[in-house]
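Just so you know, full-length UniProt numbering puts 188 at position 188 of the sequence shown, and the rest follows in order with no gaps.
Heads up: the structure comes next, in structure tokens.
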Amino acid sequence: MSYKELIVVGELNVDLILNNIEGFPKIGTEIIANNMNLTLGSSSAIMAANAAAMGISTSFCGVVGNDNYGDFITSELKKKNVHTEFITKNSALQSGITIVMNYDQDRANVTYCGAMEALTFDLIPWDTLSEFKHFHLSNFFIQKGIRKDITKIFKKAKECGLTTSLDLQWDPENKWDFNFEACLPYVDIFMPNEQELLALTKQETLDTAIQHIEKSANIIVVKMGEKGSIAIQNKKRTTTEAFHNPTYVDSIGAGDSFNSGFIKKFIEKAPLTECLRAGNLMGALNTTAAGGTAAFVNQNIIKEKVKTIFNSEL
Ligand SMILES: Nc1ncnc2c1ncn2[C@@H]1O[C@H](COP(=O)(O)OP(=O)(O)O)[C@@H](O)[C@H]1O
Ligand SMILES: [Mg+2]
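Rendered as structure tokens:
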């Protein structure tokens with residue numbers, strides 16, 4: 001295995017998760033949460049951590065503040081064997097944080113973006129990028145420092161000889177200001193979920209949404225939760241079913257784990273159906289434990305769980 005396979009460029013934050021809360025918060029009052037957890041958050045970090053756990057040599061490029069949360073983020077990534085030398089500490093800013101308030105099956109999130117907005121084109125390690133095989137960028141809309149340069153970033157990653165993938169994620173402003181006609185020609189795999197694709201293309205059905213965007217794209221992979229996933233390449237559609245999960249816990253990070261599994265097989269040059277199957281399998285595995293990374297401890301445990309829960313192999 002080469003030292004450098006995957007570089008993930010994206011946002012970094014901690015998640016402060018409050019569970020078992022005695023009612024909804026109301027302005028001017030105080031309520032008690034009976035359980036609290038501070039964990040590594042951010043969809044890009046979950047994707048990188050799980051890719052590393054699957055045995056892909058993975059580096060992360062992002063920005064944290066010079067503070068305790070920033071140190072925690074970096075050390076959690078290191079624990080997962082993600083290389084952190086391209087993470088910048090910005091002393092002028094605070095690390096990003098998401099406060100997650102869980103109520104039964106539903107959640108209310110509040111995010112402070114902080115240092116994640118300071119990631120810019122210039123902080124990507126262009127000098128050494130050609131040593132990697134694959135470039136993945138996630139969570140486009142909340143990273144204000146890279147938004148205007150997104151096409152330039154993917155064009156340059158292609159010029160450096162890498163294969164590329166993009167997961168936009170949801171737009172918290174619901175404006176969907178992403179020039180897909182300009183950018184997607186430089187993206188080998190475009191990886192939205194179904195709701196994101198409909199919102200981006202302003203279409204009502206998956207069918208018309210695909211028609212709207214397929215001319216600009218190389219491979220589109222649409223994640224559809226319990227319905228599995230579909231890939232579109234050269235107008236050909238390949239549909240795959242989700243794995244049945246008998247021990248569902250939550251689906252936080254399922255799309256990010258799908259991305260890790262898909263890209264693992266893509267880097268190995270597996271056929272598209274095999275990439276989709278691995279994405280579905282890792283997405284389903286994600287839903288067997290709380291949060292985005294708990295099911296992905298290391299290669300052996302992933303292997304064991306995939307065998308016992310899904311009677312399958314990665
Ligand atoms: N309840 C589930 N059971 C089995 N597989 C699931 C389940 N939820 C998600 N997955 C798998 O994870 C993938 C990504 O999940 P999805 O919810 O579509 O993405 P996102 O997290 O980006 O919204 C799905 O395409 C599917 O393969
Ligand atoms: Mg997602």
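From the three backbone atoms N, C-alpha and C, an ideal C-beta is built for every residue, glycine too.
When DSSP states are grouped into helix, strand and coil, Y248 belongs to the coil group. For ligand 2, no non-hydrogen atom lies closer than 6 Å to the CB of G96.
As the crow flies, the alpha-carbon of A217 is around 45 Å from that of K26.
Rounded to the nearest whole angstrom, the CA to CA distance from A284 to V249 is 10 Å. Look at D67 here: in three-state DSSP terms it is coil, with no helix or strand label. For G255, there is no enclosing beta strand (DSSP E); the enclosing alpha helix (DSSP H) has its first and last residue at A254 to I267. Relative to the non-hydrogen atoms of ligand 2, the Cβ of G283 never comes closer than 6 Å to any of them. Judged by DSSP secondary structure, E181 falls within the alpha helix (DSSP H) whose first and last residues are F180 to C183. Its Cα nearest to that of L16, the residue R107 stands out among R107, S59 and T238.
Taking 7 Å as the cut-off, the Cβ atoms of A115 and S95 count as close. Of the residues L12, T29 and M36, the one whose Cα lies closest to the Cα of N20 is M36. DSSP, read as helix, strand or coil, puts K236 in strand. At least one heavy atom of ligand 2 lies closer than 6 Å to the C-beta of G255. By the Cβ neighbour-count rule, Q169 is buried, with 16 or more other Cβ atoms within 10 Å of its own.
With a threshold of 6 Å, the Cβ atom of Q169 counts as near ligand 2, since some heavy atom of the ligand is closer than that. In the three-state DSSP reduction, L6 falls in the strand class (E or B). Annotation: L200 to F178 spans about 8 Å, alpha carbon to alpha carbon. Inclusion of A49 and T293 in the CB contact set at 7 Å is warranted, their separation being smaller than that value.
By the C-beta density criterion, G23 is exposed, having fewer than 16 other C-beta atoms within 10 angstroms. For A284, the enclosing alpha helix (DSSP H) has its first and last residue at L272 to N286.
Spatial neighbours of Y103 in its own chain (CB-CB distance under 8 Å, excluding positions within 5 residues in sequence) are listed in chain order as I21 and F24. Scanning T308, S312, I301 and F296 for the CA closest to the CA of L77 turns up F296.
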